[in-house]
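S.K.: Once you've had a glance at the structure underneath, I'll fire off some questions.
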Amino acid sequence: MVTGSGAGLLTKLKKIKKVDKVYTSSVNKVVTLVIASWPKPAIKGRGSG
Numbered sequence: 880m881v882t883g884s885g886a887g888l889l890t891k892l893k894k895i896k897k898v899d900k901v902y903t904s905s906v907n908k909v910v911t912l913v914i915a916s917w918p919k920p921a922i923k924g925r926g927s928g
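Here it is as structure tokens:
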């Protein structure tokens, strides 16, 4: 029983890792685009929160 659920967990983790790679790369692209098109003074104006 334990080994069965463990194996299922492993396959889930593998799937999540694959999705995570794709998701991270697409998010990075979006963030880069947003930063590139963002008005620069607005970023400076935000400061440290």
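According to the working numbering, the sequence shown is numbered sequentially starting from 880.
Cβ coordinates follow ideal geometry from the N, Cα and C atoms, glycine included.
From a predicted model like this one, the values you see are computed outputs, not experimental measurements.
Taking just the CA atoms, how far does L889 sit from L912?
M.R.: In a straight line, the C-alpha of L912 is about 34 Å away from that of L889.
S.K.: Keeping to the same chain, check which residues put their C-beta closer than 8 Å to that of S905; ignore five residues upstream and five downstream.
M.R.: Here the set comprises nothing.
S.K.: Leaving out five residues on either side along the sequence, give the residues of the same chain with a beta carbon under 7 Å from the beta carbon of V901.
M.R.: Once the five neighbours on either side are set aside, V901 has no close Cβ partner at all.
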